[in-house]
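Take a look at the structure below.
There are 2 protein chains.
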Amino acid sequence: MKEITTQQQRVLDCIQVYLNKTGFPPTRADICKELGFKSPNSAETHLRALEKKGFISIESGTSRGISIIGSSSSSAEIQDEYPVIGLVAAGSPTLATENIENKINCPNNFFDSQFDYFLKVKGLSMKDAGIMEDDLVAVKKTSEIKNGDIVIARIDDEVTIKYFKRKSEKVIELEAANEDYKNIIIDLEVEDFAIEGKSVGLLRKN
Amino acid sequence: MKEITTQQQRVLDCIQVYLNKTGFPPTRADICKELGFKSPNSAETHLRALEKKGFISIESGTSRGISIIGSSSSSAEIQDEYPVIGLVAAGSPTLATENIENKINCPNNFFDSQFDYFLKVKGLSMKDAGIMEDDLVAVKKTSEIKNGDIVIARIDDEVTIKYFKRKSEKVIELEAANEDYKNIIIDLEVEDFAIEGKSVGLLRKN
DNA sequence: ATAAATACTGAATATATATACAGTATAATA
DNA sequence: TATTATACTGTATATATATTCAGTATTTAT
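Chains as they are written, first to last, in numbering that gives the first Met the number 0: chain R, 0 to 205; chain P, 0 to 205.
Take a look at the structure:
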């Protein structure tokens, strides 16, 4: 699932709202009316983009043949129990019992991607990314990381949450989202470095 | 709701099955194909009968304009299903069906306090409070507000999310958590002001 | 006994709708 | 620098689709 633009999101929301209101999908003209476009082709191109990115499917030659992919129509939701792990200054956030602060029940399709545990954030190094102290970051254990992903990384024995940026074959930069914190440059040949996982969502309890 | 005949039940079932399969309602021709009728008018008359008896509604002059009345969209609320409402520039974030973008299943004790709906945030006025664009704020409809609470407030027709601060008996200040935004001072004797609810949590999908 | 509802076929048609084509403009990417 | 993606307007058109009209037949109420 590729990135979605703001306008494409508006169109997607519009389809969902129209569906809730009427029970059937909108026409190109309906979307135009709703969002203020003056040409049906405006809606058409957005729909094609959304289809290409996998957010919707369009039945060709069919009026109102739009369906939102991943909509809750048939997918059975399974409730699961996810552990909450404290982000400790030293040591990996292992799933060992002694690190589990508590457990949270939530559907396994709760976030756009599957995830493995919640990490309780300490410090404000990702403040500008909207991640505050004691927030619970939904972490997916994976090594498939793209530039700009928010990753949970381990350097030697220290675990941090930062933006991921590959500088070269052997150099990675971990960027903080807070000007008071320094970025970390990692030379993979020298340092003991590992990606624990990446953030796929966030949960905050006031 | 009058009695339904066997054939009408077949047509009604056919519409529901088609909806589950494709995400949009069938045409007259689709129904004929599915049930073996040879004339679109066969479907038409059954649809009119179903409409007359109150099982469906038909939008005149509209392709696939069939909606099943009393279908999950409006009826029987499941305990753990919460609506997501877009933060619209004008107008209250009412729970009217047309404002509901989608629904999220989660345990009703998910946040520390009960809540009523998720509000999809627009803009960055609460950035420094870790509330970013498109974040889902869990809103509890209440008027029990303390200083420092994050409230969803309505001034005239505009809805915003801000910190709440009571300045005096008749004056309230709504504080943004972003230096680019101005605070709002409200004179309760002059302005049309209402508290829609307060934030009890936050959910972000990456 | 007669009207009204049900249950169809078959043909005709106005229009609702998807979709292609021709442009313009800007931002991002290679 | 050229190219691709995004984001539109505006016009045109083939066709998908609702909907009416003309029949036939059976069953159910009045």
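Where is the CB? At the ideal position from N, CA and C, for every residue including glycine. Since the structure is predicted, the reported quantities are computational estimates derived from the model, not experimental observations.
Can the beta-carbon of residue i be found closer than 7 Å to that of residue j?
i: P:Asp127; j: P:Asn177; result: yes
i: R:Arg27; j: R:Glu50; result: no
i: P:Arg153; j: P:Glu190; result: no
i: R:Asn104; j: P:Pro106; result: yes
i: R:Ser198; j: R:Val136; result: yes
i: P:Asp134; j: P:Leu201; result: yes
i: P:Ile151; j: P:Val138; result: yes
i: R:Phe23; j: P:Phe23; result: yes
i: P:Ser124; j: P:Tyr180; result: yes
i: R:Ser38; j: P:Ser62; result: no
By DSSP's criteria, residue i is part of a beta bridge. Which residues make up the other side?
i: R:Gly200; result: R:Ala137 and P:Lys204
i: R:Phe23; result: In DSSP, R:Phe23 forms no bridge with anything.
i: P:Val189; result: Paired residue(s): none; P:Val189 is not in a bridge.
i: P:Thr159; result: P:Ala152
i: R:Asp79; result: R:Cys105
i: P:Leu118; result: P:Ile84 and P:Val136
i: R:Ile144; result: None; R:Ile144 has no bridge partner.
i: P:Lys164; result: P:Glu172
If I follow the unbroken alpha helix (DSSP H) through residue i, where does it start and stop?
i: R:Pro39; result: Pro39 to Lys51
Go ahead and pull the three-state DSSP assignment for residue i.
i: R:Thr4; result: coil
i: R:Glu33; result: helix
i: R:Cys13; result: helix
i: P:Ser73; result: Note that P:Ser73 scores a pLDDT of 37, beneath 50, so its modelled location is shaky; the value from the coordinates is reported in the next line. Reduced to three states, the DSSP call for P:Ser73 is coil.
i: R:Ala89; result: Residue placement at R:Ala89 is poorly supported in this model, since its pLDDT is 44, which falls under 50; the coordinates are not used for a value here.
i: P:Leu123; result: coil
i: P:Asn98; result: helix
Starting from the C-beta of residue i, find all residues in its chain whose C-beta is less than 8 Å away, skip the five residues before and the five after it, and write them out in chain order.
i: P:Ile99; result: Pro82, Val83 and Ile84
i: P:Cys13; result: Pro25, Ile30, Glu33 and Leu34
i: R:Ser142; result: Ile194
i: P:Glu76; result: Residue placement at P:Glu76 cannot be trusted, given a pLDDT of 32 that sits under 50; the coordinates are not used to answer.
i: P:Gly90; result: Because the pLDDT at P:Gly90 is just 49, under 50, the model does not fix this residue reliably, and the value given afterwards should be weighed accordingly. Same-chain partners within the cutoff: Asp156 and Val158.
i: R:Lys145; result: Phe163
i: P:Arg9; result: Leu34
i: P:Leu11; result: Ile3, Leu49, Phe54, Ile55 and Ile67
So residue i is in the beta strand (DSSP E); what residue range does that whole segment cover?
i: P:Ala152; result: Ile149 to Ile154
i: R:Ile130; result: Unbroken run through R:Ile130: none, as it is neither H nor E.
i: R:Ile57; result: Ile55 to Ile57
i: R:Ile171; result: Val170 to Glu174
i: P:Ile67; result: Ile65 to Ile67
Excluding the five sequence neighbours on either side, which residues of its own chain have a C-beta within less than 6 Å of the C-beta of residue i, listed in chain order?
i: R:Tyr17; result: Pro25
i: P:Leu187; result: Lys169
i: P:Lys102; result: Glu80 and Pro82
i: P:Ile171; result: Arg165 and Ile185
i: R:Phe192; result: Ile154 and Ile185
i: P:Asn19; result: none
i: P:Lys140; result: Asp115 and Gly196
Going along the chain, which residues of its own chain have a beta-carbon closer than 7 Å to the beta-carbon of residue i, five neighbours each way excluded?
i: P:Gln15; result: Ile67
i: R:Gln6; result: His45
i: R:Gly64; result: Ile57 and Glu58
i: R:Ser41; result: Cys31
i: P:Asp148; result: Phe163 and Lys197
i: R:Glu174; result: Lys161, Tyr162, Lys164 and Asn182
Closer than 6 Å to a non-hydrogen atom of the ligand FAD - does that hold for the CB of residue i?
i: P:Pro39; result: The ligand FAD is not part of this structure, which contains no ligands at all.
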